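Trainee:
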Amino acid sequence: MSLMSRLLTSTLIVTVALSASAQPDNKSLVNYVKKSVVKNPEVKVNGVTVLESKTVKALPGWTVLLTTMDLTYKKKEIHAPETMFIKDGLITGHLVDLKTGKDYRNEIKPTVPASMYNDAHLLFGNKDAKHKVLIFSDPQCPFCQELVPEIFKAARENPTTLAVYYYHLPLLRIHPVSDVLTRVMHVAQHEGKADMVDKIYSLKIDPRETNVTKILAAVKKHANYDVTPAQINAKKVKAAIKADAAAAGKMMVSGTPTIYLDGQWDKMRNGYEKLIK
230 MSLMSRLLTS TLIVTVALSA SAQPDNKSLV NYVKKSVVKN PEVKVNGVTV LESKTVKALP
290 GWTVLLTTMD LTYKKKEIHA PETMFIKDGL ITGHLVDLKT GKDYRNEIKP TVPASMYNDA
350 HLLFGNKDAK HKVLIFSDPQ CPFCQELVPE IFKAARENPT TLAVYYYHLP LLRIHPVSDV
410 LTRVMHVAQH EGKADMVDKI YSLKIDPRET NVTKILAAVK KHANYDVTPA QINAKKVKAA
470 IKADAAAAGK MMVSGTPTIY LDGQWDKMRN GYEKLIK
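See the structure below:
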């Protein structure tokens with residue numbers, strides 16, 4: 230059972246009476262989380278941060294709140310994503326279409342803030358390109374290895390059409406090796422060697438490998454890129470990877486690759502193809 234599963238319990242439909250206003254106050258949201266979302270008595274609910282409030286054409290009358298629950302569990306602070314649907318003094322964490330079985334909880338993510346399109350994360354393409362693709366990825370994720378290099382290629386070949394902004398999201402429970410690899414990628418990118426980021430996606434290595442010397446040797450052999458332990462262990466490098474993980478939390482990213490096109494979540498991950506045709 231995952232850590233998040235131990236913290237939370239979700240049922241298909243839970244409703245709690247609130248004030249009649251379209252968006253309840255923070256105290257009401259916290260009470261809802263305490264009573265209906267967080268069931269583990271060891272978890273302290275410190276607050277609820279509303280990331281974005283939006284409406285969806287398919288859900289007339291409903292307001293969607295995209296939030297993070299600010300929790301403490303075993304002295305560790307956790308910011309867990311939670312979607313809330315508000316209407317007529319009611320709140321629920323799930324809205325399911327009975328005909329299709331579609332749970333709208335899985336269909337909506339926050340809009341990318343302009344601040345995330347910054348030079349530090351621009352990987353390929355021109356920053357004034359017509360369209361922006363933002364990627365959260367792990368180089369050892371099999372689906373990422375299939376898709377992400379294709380997006381890189383599209384941006385390199387169409388730099389005035391596509392700009393790729395890249396955020397590291399190593400899935401360390403599945404691919405411990407990505408801890409070192411993402412830091413190598415960060416160093417390479419900030420040395421102006423964006424192609425090294427691309428090459429790491431084709432590196433064949435045991436995803437459970439944690440020996441830094443072996444990993445760096447594999448990178449050198451595969452990509453002819455020499456990086457030292459001191460470089461990847463620098464405080465600013467570790468801080469940058471941590472900041473990328475925090476950004477993923479704010480965007481309610483739950484897996485890789487997660488892709489946004491022009492600020493909106495691209496669930497099918499192929500929206501860029503239409504832009505370059």
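Count along the sequence shown from 1, add 229, and you get the number used in the working numbering. Quick reminder that beta carbons are idealized off the backbone N, C-alpha and C, glycines included. Keep in mind that this is a model prediction, so the values were computed, not measured.
1) Starting from the C-beta of ILE505, find all residues in its chain whose C-beta is less than 8 Å away, skip the five residues before and the five after it, and write them out in chain order.
2) Taking LYS361 as the reference, which of GLN374, ARG334, ASN440, SER344 has the closest Cα?
3) Please go through the same chain and pick out, in chain order, the residues whose beta-carbon is closer than 7 Å to the beta-carbon of ASP427, but skip the five residues on each side of it.
4) How should GLU311 be labelled, buried or exposed, when 16 other C-beta atoms within 10 angstroms of its C-beta is the threshold for buried?
5) Taking the continuous beta strand (DSSP E) assigned at ALA309, which residues delimit it?
6) Starting from LEU504 and walking both ways along the alpha helix (DSSP H), at which residues does that stretch end?
7) Between SER250 and the rest of its own chain, which residues show a CB-CB distance below 7 Å, the 5 nearest in sequence each way excluded?
8) Using only alpha-carbon positions, find the residue among GLN460, ASN260, TYR396 that is nearest to ASP348.
9) Whole-angstrom Cβ separation of PHE372 and VAL482, contact assumed at under 8 Å?
10) So, at 7 Å on beta carbons, what are the nonlocal neighbours of GLU281 in its own chain, with the 5 sequence-adjacent residues on each side left out?
11) Are the stretch 434–451 and the stretch 492–501 touching by the rule of at least three beta carbon pairs closer than 8 Å?
12) Could you give the DSSP three-state label for THR301: helix, strand or coil?
13) Based on DSSP bridge pairs, tell me the residues matched to SER366.
Mentor: With the structure as the only source:
1) ALA383, GLU386, ASN387, THR390, LEU391
2) SER344
3) PRO378, PHE381
4) buried
5) 305–316
6) 500–505
7) A caution first: SER250 carries a pLDDT of 49, below 50, which makes its placement in the model unreliable, though a value can still be read off. Nothing listed; no residue qualifies.
8) TYR396
9) Actually they are not in contact, since the Cβ atoms of PHE372 and VAL482 sit about 14 Å apart, beyond 8 Å.
10) LEU295, PRO339, THR340
11) no
12) strand
13) HIS397
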